[in-house]
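*Asks:* Remember, the numbering used here sits 505 above the position in the sequence shown when you count from 1. Each residue gets a CB set at the ideal place from its N, CA and C atoms; glycine is no exception.
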Amino acid sequence: MSARGPVLGLLLLLLCPAQMFSQSCVWYGECGIASGDKRYNCRYSGPPKPLPEDGYDLVQELCPGFFFGNVSLCCDVQQLRTLKDNLQLPLQFLSRCPSCFYNLMNLFCELTCSPRQGQFLNVTATEDYVDPSTNQTKTNVKELEYYVGESFANAMYNACRDVEAPSSNEKALGLLCGREAEACNATNWIEYMFNKNNGQAPFTITPVFSDLPVHEMEPMNNATKGCDEAVDEVTGPCSCQDCSVVCGPKPQPPPPPVPWRILGVDAMYVIMWSTYMAFLLVFFGAFFAVWCYRKRYFVSEYTPIDGNIAFSINASDRGGLSCCDPLSAAFEARLQRLFARWGSFCVRHPGCVVFFSVAFIAACSSGLVFVQVTTNPVDLWSAPGSQARREKEYFDMHFGPFFRTEQLIIRAPRTPPHMYEPYPAGADVPFGPPLAIDILHQVLDLQTAIENITASYNNETVTLQDICLAPLSPYNKNCTILSVLNYFQNSHSVLDHEVGDDFFVYADYHTHFLYCVRAPASLNDTSLLHDPCLGTFGGPVFPWLVLGGYDDQNYNNATALVITFPVNNYYNDTEKLQRAQAWEKEFINFVKNYKNRNLTISFKAERSIEDELNRESNSDIFTVLISYGIMFLYISIALGHIKSCSRFLVDSKISLGIAGILIVLSSVACSLGIFSYIGIPLTLIVIEVIPFLVLAVGVDNIFILVQTYQRDERLQGETLDQQVGRVLGEVAPSMFLSSFSETVAFFLGGLSVMPAVHTFSLFAGTAVFIDFLLQVTCFVSLLGLDVKRQEKNRLDVLCCAVGAADGAGIQASESCLFRFFRNAYAPLLLKDWMRPLVVAVFVGVLSFSIAVLNKVEIGLDQSLSMPDDSYVTDYFQSLSRYLHAGPPVYFVVEEGHDYTSLKGQNMVCGGLGCSNDSLVQQIFSAAQLDNYTRIGFAPSSWIDDYFDWVKPQSSCCRVYNSTDRFCNASVVDPACVRCRPLTPEGKQRPQGADFMRFLPMFLSDNPNPRCGKGGHAAYGAAVNILGNGTGVGATYFMTYHTVLQTSADFIDAMEKARLIANSITRTMGLEGSDHRVFPYSVFYVFYEQYLTMVDDTIFNLSVSLGAIFLVTVVLLGCELWSAVIMCVTIAMILVNMFGVMWLWGISLNAVSLVNLVMSCGISVEFCSHITRAFTVSTKGSRVERAEEALSHMGSSVFSGITLTKFGGIVVLAFAKSQIFQIFYFRMYLAMVLLGATHGLIFLPVLLSYIGPSINKARSLTTQERYKGTEREQLLSF
């Protein structure tokens, strides 16, 4: 025993120091003041001390792993309170992921209270401190080394790196790491948290990372929890949004569609080229076969062709009567008799006819006193019943209309970039030109000047304060100003704030800027400045909204500053809306006149586009008037056949031409007046397009009527009224055919849901029909009066004066153009060698147009709507060049969803316990595929921030224990207690009545340094609480689209957002229910039309062609084949229009679709008259009938439409408006040239090949009618 005693004693002596080392402290309690309200800890090297019982709740809340035995720790109750206060910011952002927060708490609990501190904490600097209350000398711990296991640090970082901060669309580490989340890692995150310059740590703590003992220190390497592990039995693993491991592999976008190619070439090109080659082979094979057949019958190709053989070669129309021939002839004869009698009546009673015509015009036109002109873009481009329109109205009704935007993009072209050298060390940071301190001061002066702009409306002063968006009003009336200067509280003094000495600047505006772009919602930049980043209006200012022209996320490289003033919108309050517009007008004038040689400013107000459109319209009025003036002058002169200079004023038709033009304009006025009576508003498209259309249709009919009369010779014994009646009987059926088919086509086009096309079609159909009625009534009477004037040798215009008489009276005359068509053009065009060339060329052009049909772009570049000299054009260019964020998009959950149940919450939230396919999670996943989905950021989620806010561990949700009223976190009052108990049940999400009890408090809580999760600014408008407070109504979750520059980008963004919303609706099980999820962004209502643009185009053009076909079949007396040929030609014109659009860079949109519908109508004018003339011709062969039709109608069509329009269209090329230049000049020119070439070149050739056979019944009827008269000779041509 004696031997064993010393040995045992020695062993105990050896073990005791080890036991003391493992249970030793380095501090205990708090001592002197470090800075502000932060204190040093007191140096203490003894064993841990039992914690007083009043600290048990705190240790259970913060460090439950230490709550055992007598709870002996190296910290007192005050240190635990300080720990809780310091962990409030991480708690608010990281507690979404319990395992992440568990690891973080482990790190800080071991540091603050661990009974074995001596193993891993090494005090490196101390100072003496005299306690003023006891006069005892104590020692402050000033510097400390914290030995942390590298495995622990990495595991903690990995568990936290994916955690989201819903209110700021950022990773939480971006707010807690002192740098961007992407640049954050385990070591620099912990180093930043322990750096006293971050504003939270009272003294410097230097972390040393190692998994092995270092300098006899044993690193703290506690067990950690991965984000996919549950902390306890109550809480589950982190959500997919906060833990990528839970999600599995990152979703991949579907592969882009493979281009359709054949042998490496676009398939449409190959197919159409092959088809065209095959057509040429067959067509020319047939042509040469016929040529060989002819050589077999003729001795020489120069031998005159026998008439009978010609019939056989040129597809003569031999054979008996078809079943439709008598019907067609009878219908034609009845139409001719009807119009002949009517024409005779009008000439006999001109006064009566003109009087009633004028009365009709006056009655209809007087409706213009009720005219309304729609300038609201929503009404112009969006159908009232469209999905986007209904969604917009729902959003406006529940959340208020989207705010008006006044925006400036500012550059500093004269200022060079500069470098910032961080203190005490670190790589130099480049700063872009507009971030120089002097430029920022100048921009702040500009911003302040804009804030002080005043306007006058109804003798009242309007300021920005009166109309701006102030989310915290009435507690905080500061206007929302999205500007980088809001990082500096819009203050020159804060901008100049710096900390340093005579030698170095430790922190200045550079430091503050670099922190704020990473943590825009911060209330303390954690540098030596300790300035807030949160905007003065109470919300964060995201860097991608206020900076432009930077690369990746290097905001310091910005080359432009963006300042946005959101202004309240008032769709249903005209008075308030006009007040806002009055201020915007002064804003525009101020910025236009602002001079600063150091700044280049691009800007736009909400009213800018509408103002510039009005200015554009006014500036181009003169151009349009010149265009119409040239057409009027041409019409007035071209109608007359001048025989000699002495009879110029006798033979001219100036007054008749002016009367015809007035009739055309009167028909337009009547149409506008009729619909104004009904209450249908006008649009700019109607005003700009319909006069052009009706002038084309009306002038063509005038030329046909007048020139047919001029070529006609009065029969023996025939009176003037009989002659005019007979002429009208000949041409009126053709006029009726074209006008009525156009009218029906336009009225059926009114079935379109597109407002622009719908309105245009109704107005155009009415105008064309009224124009026809006035032409066969009023104009026929005026023609009779003009003929009487000419017969009496009275001067045109000055009808009281008598001109020189030539003794010959009025004789039939043929214009030079008519003789050219009859003697030169028609025979040349219809020669045997020319016709195949014409077919080959036109089919080739058609093949090319079909090949590029699917390549015409859809959309309308908004910059095209502006004049070339508009300041808005410069803004659009800057917008495309500098901005890095697209428009906001709101995913709206309609009223009806149950947020108070656990199941309902899991369907929408993105945090702990939420479904992996919840609303927030699906939008988050979409943001990971931003290049595909065009969703740029994770959504701001009110429900997730609410759950963080209401947690009992947080200091955010508190109530007065006596009144149960809300107590803000900044209030220091013992009567304020937690909303929910710190129990396992209290830590669960609130449900049922609890959910609704605290939600209004959250939505009214303003962010403050102790609680940055207050939802007033961020979510005050995002949640509708039902009137009785028992449930939640409609809500939204906001994010941003990626940068959208082209129409294709906007269309694709809307499509993808709707796909995401439909997927959310489906996974939430809302299909078939009375509520759903839908996306809303301010541009959807304008771009929705492009989703169905192809279908709408096919529908409108098909309906128009179908209507033309049916009307043509009926009015030609069941001439089915004639209608087919005419419609095929019109369809070719339309397809070729698409070819021109592709070549000339004209996109397909509502404006061009209106022009295409109008093109369909004008094409009828080019084709119907010649088709009908061919049909009623009684010549022997198809070639002869085509030649007759082209000779008689070609000159009138050419002079009536082609020349008239060509002169007017050329003037439009000089318009300032890009829309006029592209959509009017280019498309009008294309439709006239294509219509003229197809109607006057291709159609006669096509008719000469496959035109309908001669109507035998009509031929016999015609021969009988004119037998024995001079007309019989004319029929032989």
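V1618 and F1245: beta carbons closer than 8 angstroms?
*Replies:* Taking the sequence shown and counting its residues from 1, one reaches residue 1618 at position 1113. Taking the sequence shown and counting its residues from 1, one reaches residue 1245 at position 740. Against a cut-off of 8 angstroms, the Cβ pair of F1245 and V1618 comes out as no contact.
*Asks:* Please go through the same chain and pick out, in chain order, the residues whose beta-carbon is closer than 7 angstroms to the beta-carbon of L588, but skip the five residues on each side of it.
*Replies:* Working through the sequence shown from its first residue, we reach residue 588 at position 83. Around L588: L567, F613, T617.
*Asks:* On the DSSP letters alone, give me the boundaries of the alpha helix (DSSP H) that D1800 sits inside.
*Replies:* Since the first and last residues shown for the chain are 506 and 1782, residue 1800 lies out of range.
*Asks:* Check T879 in the structure and name its three-state DSSP category.
*Replies:* On the sequence shown, position 374 is the one that residue 879 refers to. In this structure, T879 counts as coil in the three-state DSSP scheme.
*Asks:* What's the C-alpha gap between V1249 and V1599?
*Replies:* Against the sequence shown, residue 1249 aligns to sequence position 744. Against the sequence shown, residue 1599 aligns to sequence position 1094. Across the structure, V1249 and V1599 are spaced so that their CA atoms are roughly 22 angstroms apart.
*Asks:* Terminal residues of the continuous beta strand (DSSP E) containing G534?
*Replies:* Numbered from 1 along the sequence shown, position 29 holds the residue referred to as residue 534. It spans 532-540 - the beta strand (DSSP E) in which G534 sits, taken as one unbroken run.
*Asks:* Compute the beta-carbon to beta-carbon distance between L1050 and A1063, rounded to the nearest angstrom, for a pair I have assumed lies under 8 angstroms.
*Replies:* For this step, residue 1050 is matched to residue 545 along the sequence shown. For this step, residue 1063 is matched to residue 558 along the sequence shown. The Cβ separation is near 12 angstroms, so there is no contact.
*Asks:* Taking the alpha carbon of I1667 as the reference point, which residue from F1703, M1646, A1474 has its own alpha carbon closest?
*Replies:* Your numbering for residue 1667 matches position 1162 in the sequence shown. Measuring from the Cα of I1667, the nearest candidate turns out to be F1703.
*Asks:* By DSSP, does D1567 sit in helix, in strand, or in coil?
*Replies:* In the sequence shown, residue 1567 corresponds to position 1062, counting from 1. Before going on, a small fix: residue 1567 reads as Asn here, not Asp. Three-state DSSP puts N1567 in a helix.
*Asks:* Could you check if V635 is buried or exposed, using at least 16 other CB atoms within 10 Å of its CB as the buried criterion?
*Replies:* One-based indexing of the sequence shown puts residue 635 at position 130. Classification for V635: exposed.
*Asks:* Could you compute how far the alpha carbon of D1193 sits from the alpha carbon of F1725?
*Replies:* As a first step, residue 1193 must be located in the sequence shown, where it is residue number 688. As a first step, residue 1725 must be located in the sequence shown, where it is residue number 1220. For the sequence presented, residue 1193 should be read as Glu rather than Asp. If I take the Cα positions, the gap works out to 10 angstroms.
*Asks:* When we look at the beta-carbon of N546 and count the other beta-carbons within 10 Å, is it buried (16 or more) or exposed?
*Replies:* The residue you call residue 546 lines up with position 41 of the sequence shown. Buried, because 16 or more other Cβ atoms sit within 10 Å of the Cβ of N546.
*Asks:* Specify, as a first and last residue, the run of the alpha helix (DSSP H) that H1263 falls within.
*Replies:* Reading the sequence shown from its first residue, position 758 is the one you call residue 1263. Residues 1260-1279.
*Asks:* Would DSSP call C857 helix, strand or coil?
*Replies:* Against the sequence shown, residue 857 aligns to sequence position 352. It is helical.
*Asks:* I need the boundaries of the alpha helix (DSSP H) containing H1697, first residue and last residue.
*Replies:* The residue you call residue 1697 lines up with position 1192 of the sequence shown. First-last of the alpha helix (DSSP H) with H1697: 1687-1702.
*Asks:* Give the single residue among Y925, N1466, P1238 whose Cα lies nearest to the Cα of A941.
*Replies:* If you number the sequence shown from 1, residue 941 lands on position 436. Measuring from the Cα of A941, the nearest candidate turns out to be Y925.
*Asks:* Pair every Cβ in the region 888-898 with every Cβ in the region 1254-1261, then say whether three or more of these pairs are closer than 8 angstroms.
*Replies:* Verdict: yes, contact present.
*Asks:* Please report how far the alpha carbon of F907 lies from the alpha carbon of N1074, in whole angstroms.
*Replies:* Translated into the one-based positions of the sequence shown, residue 907 becomes position 402. Translated into the one-based positions of the sequence shown, residue 1074 becomes position 569. Distance between the alpha carbons of F907 and N1074 is about 7 angstroms.
*Asks:* Please list, in chain order, all residues of the same chain as Y1437 whose beta carbon is under 8 angstroms from its beta carbon, the five residues on each side excluded.
*Replies:* Within the sequence shown, numbered from 1, the residue matching residue 1437 stands at position 932. Taken in chain order, the residues that qualify are P758, P759, K1561.
*Asks:* Compute the Euclidean distance between the alpha carbons of P595 and V719, then round it to the nearest angstrom.
*Replies:* Here residue 595 refers to the residue found at position 90 of the sequence shown. Here residue 719 refers to the residue found at position 214 of the sequence shown. C-alpha separation (whole angstroms): 30 angstroms.
*Asks:* When you compare each of W847, M1559, G1230 to T1213 by their alpha carbons, which one comes out closest?
*Replies:* The residue labelled residue 1213 in the question sits at position 708 within the sequence shown. Per the Cα distances, G1230.
*Asks:* Does DSSP put G1203 in a helix, a strand or coil?
*Replies:* Here residue 1203 refers to the residue found at position 698 of the sequence shown. Here G1203 sits in helix by DSSP.
*Asks:* Cβ atoms of E655 and A630: under 8 angstroms apart, would you say?
*Replies:* Position 125 of the sequence shown, counting from 1, holds the residue named residue 630. Position 150 of the sequence shown, counting from 1, holds the residue named residue 655. No, these two residues do not count as a Cβ contact at 8 angstroms.
*Asks:* Could you check which residue in F708, N659, Y1055, G790 has the C-alpha nearest to that of C536?
*Replies:* On the sequence shown, position 31 is the one that residue 536 refers to. It is F708.
*Asks:* Let me know if M902 comes out buried or exposed under the rule of 16 or more other beta-carbons within 10 Å of its beta-carbon.
*Replies:* Locating residue 902 in the sequence shown gives position 397, where the first residue counts as 1. When all chains shown are included, M902 counts as exposed.
*Asks:* Y980 to C1472, Cα distance in whole Å?
*Replies:* As a position in the sequence shown, residue 980 is number 475, starting the count at 1. As a position in the sequence shown, residue 1472 is number 967, starting the count at 1. Going by the C-alpha atoms only, they are around 15 angstroms apart.
*Asks:* With DSSP run on the structure shown, which of helix, strand or coil describes F789?
*Replies:* Taking the first residue of the sequence shown as 1, we reach residue 789 at position 284. Looking at F789 - three-state DSSP - the assignment turns out to be helix.
*Asks:* Skipping 5 residues on each side, what residues in its chain have a beta carbon closer than 6 angstroms to that of C689?
*Replies:* Position 184 of the sequence shown, counted from the start, is the residue given in the question as residue 689. Once the five neighbours on either side are set aside, the close Cβ partners of C689 are L678, C682.
*Asks:* Under 8 angstroms: do the region 1290-1297 and the region 1683-1701 share three or more Cβ pairs, one atom per stretch?
*Replies:* no
*Asks:* Could you tell me which uninterrupted beta strand (DSSP E) segments, each at least 3 residues in length, are contained entirely in the region 737-800, listed from first to last along the chain?
*Replies:* none
*Asks:* What residue does the beta strand (DSSP E) around M1240 start on, and which one ends it?
*Replies:* Residue 1240 sits at position 735 when you count from the first residue of the sequence shown. Where M1240 is concerned, there is no enclosing beta strand (DSSP E), although the alpha helix (DSSP H) it sits in stretches over 1225-1254.
*Asks:* Measure the C-alpha to C-alpha separation of F1284 and V859 and round it to an integer number of angstroms.
*Replies:* One-based indexing of the sequence shown puts residue 1284 at position 779. One-based indexing of the sequence shown puts residue 859 at position 354. Cα to Cα, the separation comes out at about 8 angstroms.
*Asks:* Quick one: is V770 buried, meaning 16 or more other Cβ sit within 10 Å of its Cβ, or exposed?
*Replies:* Position 265 of the sequence shown, counted from the first residue, corresponds to residue 770. Looking at its Cβ environment, which holds fewer than 16 other Cβ atoms inside 10 Å, V770 is exposed.
*Asks:* My guess is that V1096 and L913 are in contact by the Cβ rule of under 8 angstroms, so how many angstroms apart are they, rounded?
*Replies:* Here the question's residue 1096 lines up with position 591 in the sequence shown. Here the question's residue 913 lines up with position 408 in the sequence shown. Confirmed, Cβ separation roughly 7 angstroms.
*Asks:* So what does DSSP say about F1471, is it helix, strand or coil?
*Replies:* What you label residue 1471 is simply residue 966 of the sequence shown in a count that begins at 1. F1471: strand per DSSP, three-state reduction.
*Asks:* Mind checking which residues open and close the alpha helix (DSSP H) that includes N546?
*Replies:* Counting from 1 along the sequence shown, the entry for residue 546 is found at position 41. From DSSP, N546 is part of no alpha helix (DSSP H) but of the beta strand (DSSP E) over 543-548.
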